[in-house]
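Working notes, structure below.
Chains as they are written, first to last, in the numbering used here: chain A, 4 to 241; chain B, 172 to 443.
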């Protein structure tokens, strides 16, 4: 076996991977935040009173879930500048192209998650909030949203992890994220095992950190007082 | 339960004001869902301090009517008046059009609603459920809202349960929190939509006790219910609804002793 630990550790500490990780994280966060915002809007439009609006929202979800993410990515990076001359400038960077592609893609998935979440909230919740006299934005922010967040945390976390990993597709448009830099290093060193292993470790660490955050968030949305000392005893009737 | 549920000042005020005016009134209200006429010319008013019970088979439009009165559903025709003023609509270019939701919300603060399935907010403690109307609708300071809400929970017998979440309370306790949540807003009228129908039989009593006390203290109430005992003992008038119409409206003695309508007779036989 030809696995040199020294090469592996050198790869782990290399500037190439550390900088790659930074871009990977930045791309993931940007695409996630923008994607969830798009998803929120599209999910709400899916239930609009006007059928053309509903159809538009449905079409968005249909197209961007059906077409492979890689195709969307290279389309935006390679094809769009051909179609739209304004995009030929240097400002249209691989990072921007990848952000746009992954945000749009994430938006379609997030829309379905959020729509499912909205459907799961009992209609009586909205009615009770309205009966109290809450204006529409408070019905949403104080009653619907907290309950929505709880139900969408698990599927959204799943989605986030997928998103983190498919940022590696951006290596196809030469964005210097984690995967691109790994391959560049391999091209000059031919040490496949050590560099891929190092890249895998970084993905593993990123996802693990994220999972800790998810567990913390889920605990915040447990709606019982059982965490407080004595509550269980009181429930039991003394 | 000790003392009053309503504030002393409120009880005095209710006792002092004349009872001749309707607090809330429906005039010739019509409502249709799709091709279905759910409400056909409903007219009904309730005087200050009076309790009206609405009985009727399921599908007769009772709940829909209550939601229309609570300004939660737009009506197709007719008028709703709250303390003499028309609500739910405003005049625009000589015609009455439904108010936008934001303004309807303001008018709803004067109407308290209690639902069959409680509809407490599961992400908030009992205390927060009662506070949320004060802080988010009335714009009250957190500390003031907290003390008012604590007070109100105390009065419905749940002072010890303030920090519990709805999932940790029995159905009867949840419904009492829901009543407190509506009462703390000082509504002019309370609308109850089958408040005990989702409860286990042994929990019905604790909710009815609170409602009876409220009635004694002069709260104006409309109660859609299947509790014949409550309608007979507490209501000033009992109303029978069937197929979207009011077919009988009489004092309890007459309603239960000598109903005019054959359908009322049949219904009473069936539920007894």
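Ideal Cβ placement from N, Cα and C applies to all residues, glycine included.
Asked                                                                                                                                            : Found
Cα-Cα separation, residue 351 (chain B) to residue 292 (chain B)                                                                                 : 13 Å
Closer than 9 Å at the beta carbon, the chain B residues around residue 131 (chain A)                                                            : 284, 286, 289, 290, 291, 292, 349, 352
Reduced DSSP category for residue 269 (chain B) - H, G, I as helix; E, B as strand; rest coil                                                    : strand
Where residue 146 (chain A) meets chain B, residues with beta-carbon distance less than 7 Å                                                      : 292
Interface flag, residue 232 (chain A) vs chain B, CB-CB below 8 Å                                                                                : Note on residue 232 (chain A): pLDDT 48, under 50, position unreliable in the model; the coordinate value appears next. It does not; no Cβ of chain B falls within 8 Å.
Proximity to residue 114 (chain A) [Cα-Cα], best of A:37, A:85, A:179, A:140                                                                     : A:37
Cβ of residue 276 (chain B) within 8 Å of any chain A Cβ                                                                                         : yes
Contacts around residue 257 (chain B), its chain only, beta-carbon distance under 6 Å, and the 5 residues preceding and following it disregarded : 250
Local conformation of residue 214 (chain A) per DSSP, three classes                                                                              : helix
Residue-chain proximity (residue 227 (chain A), chain B), Cβ-Cβ < 8 Å                                                                            : yes
Within chain A, the residues that residue 273 (chain B) reaches when beta carbons sit closer than 7 Å                                            : 138, 139
Sufficient close CB pairs (3 or more, under 8 Å) joining the region 153-164 of chain A to the region 116-130 of chain A                          : yes
Within chain A, the residues that residue 204 (chain B) reaches when beta carbons sit closer than 7 Å                                            : Chain A residues near residue 204 (chain B): none, gap ~15 Å exceeds 7 Å.
Proximal residues to residue 2 (chain A) (C-beta, below 7 Å), its chain only, five neighbours per side dropped                                   : Given a span of 4 to 241 for chain A in the structure shown, any question on residue 2 (chain A) remains unanswerable.
Segment contact, 8 Å Cβ cut-off, at least three pairs: the region 333-353 of chain B with the region 277-294 of chain B                          : yes
Residues from the region 307-320 of chain B in contact with chain A, defined by Cβ distance under 9 Å                                            : 307, 308, 309
Through-space distance from residue 158 (chain A) to residue 384 (chain B), alpha-carbon basis                                                   : 47 Å
Exposed unless 16 or more other CB atoms sit within 10 angstroms - verdict on residue 231 (chain B)                                              : buried
For residue 367 (chain B) and residue 378 (chain B), believed in contact at Cβ under 8 Å, the rounded distance                                   : 5 Å
Under 8 Å between C-beta atoms of residue 11 (chain A) and residue 200 (chain A)                                                                 : yes
Nearest candidate by alpha-carbon position, reference residue 212 (chain B), set B:220, B:247, B:373                                             : B:247
Contact belief for residue 284 (chain B) with residue 353 (chain B) at Cβ below 8 Å, rounded distance in angstroms                               : 6 Å
Three-way DSSP call (helix, strand, coil) for residue 93 (chain A) in this model                                                                 : coil
Residue 433 (chain B) - containing alpha helix (DSSP H), residue span                                                                            : 433-442
Contact set between residue 119 (chain A) and chain B, taken where Cβ atoms lie within less than 7 Å                                             : Chain B residues near residue 119 (chain A): none, gap ~18 Å exceeds 7 Å.
Chain A within 8 Å of residue 356 (chain B), Cβ atoms only                                                                                       : yes
Any C-beta of chain B under 8 Å from that of residue 186 (chain A)                                                                               : no
Paired residues, beta bridge with residue 258 (chain B) - DSSP                                                                                   : B:251
Cβ of residue 373 (chain B) within 8 Å of any chain A Cβ                                                                                         : no
Cutoff 8 Å: residue 53 (chain A) Cβ touching any chain B Cβ                                                                                      : no
Classification of residue 85 (chain A) by the beta-carbon crowding that lies within 10 angstroms, buried from 16 upward                          : exposed
Residue burial classification, residue 433 (chain B) (beta-carbon count within 10 angstroms, cutoff 16)                                          : exposed
Beta-carbon gap between residue 417 (chain B) and residue 362 (chain B) smaller than 8 Å                                                         : no
Residue 430 (chain B) versus residue 204 (chain B): straight-line alpha-carbon distance, rounded                                                 : 30 Å
Inter-residue CB distance, residue 323 (chain B) and residue 301 (chain B) (contact presumed, cutoff 8 Å)                                        : 6 Å
Terminal residues of the beta strand (DSSP E) in which residue 6 (chain A) lies                                                                  : Counting along the chain, residue 6 (chain A) falls outside any beta strand (DSSP E), and DSSP gives it neither H nor E.
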